[in-house]
């Protein structure tokens, strides 16, 4: 699905082209959730990947996306503290659901949240877990979020992490204080025409190198074929073991 969002005055605002995709892979159900909304010159997108028992992962991911987008839509803001407050709010909602419903006691969800100011030409984002945000310019990767995984923690400590499973996380939504850890941009990051962002669950990024993602985005700029091509590659490479995979791509014009 392609959506074109033009906010503010055309002579001043960046134009965003949105591509979105989600698939169950080879799993019986899809526990990924995503969504986006725009208010004036501000655009907000969310991707979440749930886990935690029968259907509880779906509940956690849905609650993460809905609570964040609903809260932000009611009071859209453009500052780092607002985005971190959204993550804390979503976490508290999931923890509340855990305590009220026994079948949800073990549910968790990763989350990535991004807000683009099309008039200022800048982006802020935050995340918990291993749902990533990539920022590309042309064929080059400018930055990406770092997972809250045991593997990434070992790498940060300068230790070998080859033997660690990729999906072993030490933080995600559904952790009570002080165990809930998240990361966020301290200051707005400059965005310009020609940039593109990929927000995605690990079921998608786990099958691609950063260089391959950059090349795919450049060759299939703002086309639905981008995710259709990714889908084919994931299913081929997963060899019948594909997890749910979700992508939300934002192309800046």
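Numbering (our numbering), first residue to last: 790 to 1042.
Cβ coordinates follow ideal geometry from the N, Cα and C atoms, glycine included.
Treat the numbers as computed from the prediction; the structure is a model and nothing was measured.
Counting only the Cα atoms, residue 970 lies some 24 angstroms from residue 1032. Unbroken beta strand (DSSP E) runs of no fewer than 3 residues, entirely contained in the segment 896-975, are found at 897-906, 911-917, 921-926, 929-933, following chain order. Residue state for residue 1038 is assigned as strand, using DSSP reduced to three classes.
Ranked by Cα distance from residue 822, the first of 803, 806, 844 is 844.
Note that the C-beta distance between residue 979 and residue 911 is below 8 angstroms. Around the CB of residue 921, 16 or more other CB atoms lie within 10 Å, so the residue is classed as buried. Contact annotation, residue 858 with residue 829: C-beta distance approximately 15 angstroms; criterion of less than 8 angstroms not satisfied. With a beta-carbon spacing of about 21 angstroms, residue 803 and residue 915 fall beyond the 8 angstroms limit used to define contacts. Residue 940 sits buried, since 16 or more C-beta atoms from the chains shown fall within 10 Å of its C-beta. Here the C-alpha atom of residue 1023 lies approximately 24 angstroms from the C-alpha atom of residue 984. Taking the Cα positions, residue 961 is about 30 angstroms away from residue 1011. Fully enclosed alpha helix (DSSP H) runs of no fewer than 4 residues occupy 845-863 of the segment 836-887, in order along the chain. Considering only 839, 891, 834, the residue with the shortest C-alpha distance to residue 865 is 834. For residue 869, the closest C-alpha among the options 929, 996, 903 is that of 903. Inter-residue distance for residue 964 and residue 894 is about 11 angstroms (C-alpha atoms, whole angstroms). Beta-bridge pairing by DSSP links residue 810 to 1036. In chain order, 996 place their CB closer than 7 angstroms to the CB of residue 1026, counting only its own chain and leaving out the 5 sequence neighbours on each side.
Rounded to the nearest whole angstrom, the C-alpha separation of residue 919 and residue 955 is 9 angstroms. The shortest C-alpha to C-alpha distance from residue 827 to any of 908, 885, 838 is the one to 908. As far as DSSP is concerned, residue 1026 takes part in no beta bridge.
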